[in-house]
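Report on the following structure.
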Amino acid sequence: MWILWALLSALFAATRRTQEKQLTHHLNHFTIAFVVQLLSLPIILLALILHGGFINPLHLGLNFWLPLIVVCIGFYPLNAFLYLQAVKHSELSKVLPIQSLWPVFSLLPAWLTLGEIPTIISTVGILLTVLGVYVLGMKSNVLYHPLQPFREEQGSRYMLFAVMLVTLAGVLDKVAINASNAVYYSFTSTVGAVVALFVTLCIYKINEFTELKNNVKNLGVIGTLQGSSYTTYLLALSAGPIAYVAAIRSSNVLLGSLLGIVVLKEKLTAYKIVSFTLILVGGTLLALGS
Numbered sequence: 000m001w002i003l004w005a006l007l008s009a010l011f012a013a014t015r016r017t018q019e020k021q022l023t024h025h026l027n028h029f030t031i032a033f034v035v036q037l038l039s040l041p042i043i044l045l046a047l048i049l050h051g052g053f054i055n056p057l058h059l060g061l062n063f064w065l066p067l068i069v070v071c072i073g074f075y076p077l078n079a080f081l082y083l084q085a086v087k088h089s090e091l092s093k094v095l096p097i098q099s100l101w102p103v104f105s106l107l108p109a110w111l112t113l114g115e116i117p118t119i120i121s122t123v124g125i126l127l128t129v130l131g132v133y134v135l136g137m138k139s140n141v142l143y144h145p146l147q148p149f150r151e152e153q154g155s156r157y158m159l160f161a162v163m164l165v166t167l168a169g170v171l172d173k174v175a176i177n178a179s180n181a182v183y184y185s186f187t188s189t190v191g192a193v194v195a196l197f198v199t200l201c202i203y204k205i206n207e208f209t210e211l212k213n214n215v216k217n218l219g220v221i222g223t224l225q226g227s228s229y230t231t232y233l234l235a236l237s238a239g240p241i242a243y244v245a246a247i248r249s250s251n252v253l254l255g256s257l258l259g260i261v262v263l264k265e266k267l268t269a270y271k272i273v274s275f276t277l278i279l280v281g282g283t284l285l286a287l288g289s
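Once you know that position 73 of the sequence shown is 72 in numbering that gives the first Met the number 0, the rest is easy, because the numbers rise by one and skip nothing.
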């Protein structure tokens with residue numbers, strides 16, 4: 000069942016990418032993140048009611064509260080800056096595939112903290128995924144230093160940092176979910192994100208009420224997709240291995256990249272085609288390796 004949840008999460012995540020990029024040219028990244036989290040609350044609350052996952056917060060220990068606080072305060076504001084700046088200044092088809100490194104990065108902490116050991120098949124998937132990201136940065140048939148694209152391109156660098164941040168947050172999410180349940184944690188972490196991002200807006204004195212009114216429809220769609228994607232991701236995470244859930248969910252980057260090419264008219268190069276193929280095969284092997 001966790002595979003279905005992970006696939007749904009990937010689909011919901013991919014379909015909001017182009018609208019997010021377009022909004023970055025009209026609104027501050029913290030404003031977008033705050034409103035999207037706020038508008039995702041209704042669907043998450045509905046899922047909580049239907050799932051019957053209410054828990055008395057007084058019965059939850061540090062294994063729930065400590066990860067929750069760290070994720071809300073440390074992850075959400077920083078991730079909003081890194082991710083939205085990356086998609087604002089670069090092509091979606093150029094930076095989104097970098098997110099395919101997420102399951103690769105997830106394997107080490109999952110192994111050390113949760114005992115989830117990669118198989119031979121998943122190891123091959125890791126190598127193909129890394130190779131796919133490498134090919135994405137090629138501009139000619141000449142090999143280059145693996146870190147060169149991240150040194151030269153701000154968008155790629157921001158996305159790489161965002162993937163590292165998401166990897167760390169995923170481990171904390173897993174700990175908190177095990178101490179509660181997926182839907183309840185989805186609701187409480189989203190509430191925490193709203194509070195943390197609102198405080199961030201106040202600190203930086205960002206007020207874009209007029210701009211918000213002009214973009215409320217797109218924000219509502221993105222918020223609904225965000226709530227659906229996050230809830231299904233946590234449901235998958237609660238039942239499946241963290242690295243393999245990450246592998247399936249990260250398939251959304253390829254669909255998002257294709258939408259960037261089709262909807263935003265980004266250039267489709269031979270290197271992108273080879274990169275997408277390697278990442279697709281690598282992600283499939285990672286999933287099969289579970």
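Built from N, CA and C at the ideal position, the CB exists for glycine as well.
Nothing here was measured: the structure is a model prediction, and the numbers come from that model.
query, result
"Cutoff 6 Å; reference I250; Cβ partners in own chain excluding five residues on either side", "Looking at the sequence provided, one finds Ser at residue 250 rather than Ile. Correct list, in chain order: A9, G282."
"Anticipated Cβ contact below 8 Å, N213 with L22, distance rounded", "Not really, about 11 Å apart at Cβ, beyond 8 Å."
"Euclidean distance between Cα positions of K216 and L91", "22 Å"
"Run of the alpha helix (DSSP H) containing L277, from where it starts to where it stops", "269-287"
"Same chain, Cβ closer than 6 Å to Y157, neighbours up to 5 away in sequence not counted", "L81, Q84, A85"
"Where the alpha helix (DSSP H) containing Q36 begins and where it ends", "28-50"
"Reduced DSSP secondary structure (H/G/I, E/B, other) of S105", "helix"
"Inter-stretch contact (C-beta, 8 Å, three-pair minimum) for the stretch 62-77 and the stretch 191-199", "yes"
"Within 8 Å, strictly: CB atoms of F11 and L224", "yes"
"V141, enclosing alpha helix (DSSP H) - first and last residue", "It is not in any alpha helix (DSSP H) - V141 carries neither H nor E in the DSSP assignment."
"Validate contact between the stretch 49-58 and the stretch 127-138 using beta carbons, cut 8 Å, 3 pairs", "no"
"Start-to-end residues for the alpha helix (DSSP H) that takes in Y183", "181-202"
"Short CB-CB distance (under 8 Å) between F149 and chain D", "Here there is only one protein chain, and chain D is not present."
"Under 8 Å between C-beta atoms of L100 and V162", "yes"
"Three-state secondary structure (DSSP) of L257", "helix"
"Beta-carbon proximity check, I247 vs I97, cutoff 8 Å", "no"
"Minimum C-alpha distance to H58 - residue among Y229, V262, S179", "S179"
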